[in-house]
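*Asks:* Pasting a structure below so you can have a look.
Right, here's the structure in full:
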């Protein structure tokens, strides 16, 4: 009968080899942005320094840590639709945090050309290598928001004083001491409008039911209006009185 048992020394050697192999497999790690966004081929990229140091074990069962090298030209992950040409972008500045998500295959050829591609190195395939990763904008606990709205999807600043909240039955926009600006284009409102505050209009025309009630429309003082009942005086509705 063949002895298929594994000795303790063989098991220890196998565990050591497996540990060394898996220590080189990378899946995801937080990072620190070390450049402004820059165009590299088809992608906007940043340089990133991994934020968790590598652990190096010595032969005497000791260990030490060592900083990972900076990774250049990491593609920024953008949520969007290629077919519609739409993207959601997030500003990335020096020192900002991110999450490095590592591909299980080399990305070199895929970054150059659309569609399925061969791995870049057919003889020595890269697997879970830090050189093949994406940058996802991220905030750690120390830089995270100070409150969490569990009833809405929000785009907001850290303290919530400026925010866009989308709920199942409403959209709320709060700009704090700032302002909302619409440049060019056309704003169409198919609903009732309530304004609790001042309204200033500079330039252009203001029409109501086809009547211009803008800069060329004047309201006479109440006393003068009473004395002009037999004339053609513009009334408060913006339409001439007969």
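Numbering (this note's numbering), first residue to last: 482 to 723. Glycine included, C-beta positions come from ideal geometry on N, C-alpha and C. Remember, predicted model here, so these are calculated numbers, not experimental data.
Could you have a look at residue 590 and say whether DSSP puts it in helix, strand or coil?
*Replies:* Helix, per DSSP.
*Asks:* Less than 8 Å between the beta carbons of residue 524 and residue 598, yes or no?
*Replies:* Cβ distance not < 8 Å, so residue 524 and residue 598 don't count as in contact.
*Asks:* Rounded to a whole number of angstroms, what is the C-alpha to C-alpha distance between residue 651 and residue 521?
*Replies:* Rounded to whole angstroms, residue 651 to residue 521 spans 40 Å at the Cα level.
*Asks:* Would you give the residue range spanned by the beta strand (DSSP E) that residue 617 belongs to?
*Replies:* Segment 614-618, the beta strand (DSSP E) holding residue 617.
*Asks:* Is the number of C-beta pairs between the stretch 574-587 and the stretch 502-518 that are closer than 8 Å three or more?
*Replies:* Enough Cβ pairs lie closer than 8 Å, so yes.
*Asks:* Would you mind working out which of 532, 620, 583 sits nearest residue 548, comparing C-alpha positions?
*Replies:* For the residues 532, 620, 583, the minimum Cα distance to residue 548 belongs to 532.
*Asks:* Tell me which residues share the same chain as residue 656 and place their Cβ nearer than 6 Å to its Cβ, disregarding the 5 neighbours each side in the sequence.
*Replies:* Closer than 6 Å at the Cβ level, and outside the excluded window around residue 656, lie 643.
*Asks:* For residue 507, count the other beta carbons within 10 Å of its own beta carbon; 16 or more makes it buried, fewer makes it exposed. Which is it?
*Replies:* By the neighbour-count rule (16 or more Cβ atoms within 10 Å), residue 507 is buried.
*Asks:* Compare the C-alpha of residue 500 against each of 555, 538, 677, 664 and name the closest.
*Replies:* Per the Cα distances, 538.
*Asks:* Is the stretch 549-557 close to the stretch 608-616, with three or more CB pairs under 8 Å?
*Replies:* Cβ pair count under 8 Å is three or more, so yes.
*Asks:* Figure out for me which residue from 683, 674, 535 has the closest Cα to the Cα of residue 546.
*Replies:* Closest option to residue 546, Cα to Cα, is 535.
*Asks:* DSSP on residue 723, reduced to helix/strand/coil?
*Replies:* Its pLDDT being 48, under 50, residue 723 is placed unreliably by the model, and the measurement read from it follows with that caveat. Note: residue 723 maps to coil in three-state DSSP.
*Asks:* If you check the beta carbons only, do residue 663 and residue 511 fall under 8 Å apart?
*Replies:* Their beta carbons are not under 8 Å apart, which means residue 663 does not touch residue 511 by this criterion.
*Asks:* Would you please state the rounded distance, in angstroms, between the beta carbons of residue 529 and residue 571? I believe it to be under 8 Å.
*Replies:* Not really, about 14 Å apart at Cβ, beyond 8 Å.
*Asks:* Cα separation between residue 606 and residue 584?
*Replies:* So the two alpha carbons sit approximately 12 Å from each other.
*Asks:* For the beta strand (DSSP E) holding residue 574, just list the boundary residues, first then last.
*Replies:* From DSSP, residue 574 is part of no beta strand (DSSP E); its letter is neither H nor E.
*Asks:* With a CB to CB cut of under 6 Å and the five nearest residues on each side skipped, what residues in its chain are close to residue 684?
*Replies:* Here the set comprises nothing.
*Asks:* Label residue 527 either buried or exposed according to how many other C-beta atoms from any shown protein chain fall within 10 Å of its C-beta, with 16 as the threshold for buried.
*Replies:* Counting Cβ neighbours within 10 Å, residue 527 comes out buried, since at least 16 surround it.
*Asks:* Answer yes or no: do residue 654 and residue 667 have a C-beta to C-beta separation smaller than 8 Å?
*Replies:* Cβ atoms of residue 654 and residue 667: not closer than 8 Å.
*Asks:* DSSP state of residue 654, grouped into three classes?
*Replies:* If DSSP states are grouped into helix, strand and coil, residue 654 belongs with the strands.
*Asks:* Under the rule that 16 or more other beta-carbon atoms within 10 Å means buried, what is residue 659, buried or exposed?
*Replies:* Looking at its Cβ environment, which holds fewer than 16 other Cβ atoms inside 10 Å, residue 659 is exposed.
*Asks:* Taking the alpha-carbon positions, what's the residue 676 to residue 661 distance?
*Replies:* Using only the alpha carbons, I get a separation of about 15 Å.
*Asks:* Kindly indicate which three-state DSSP category residue 499 falls into: helix, strand or coil?
*Replies:* Residue 499: helix per DSSP, three-state reduction.
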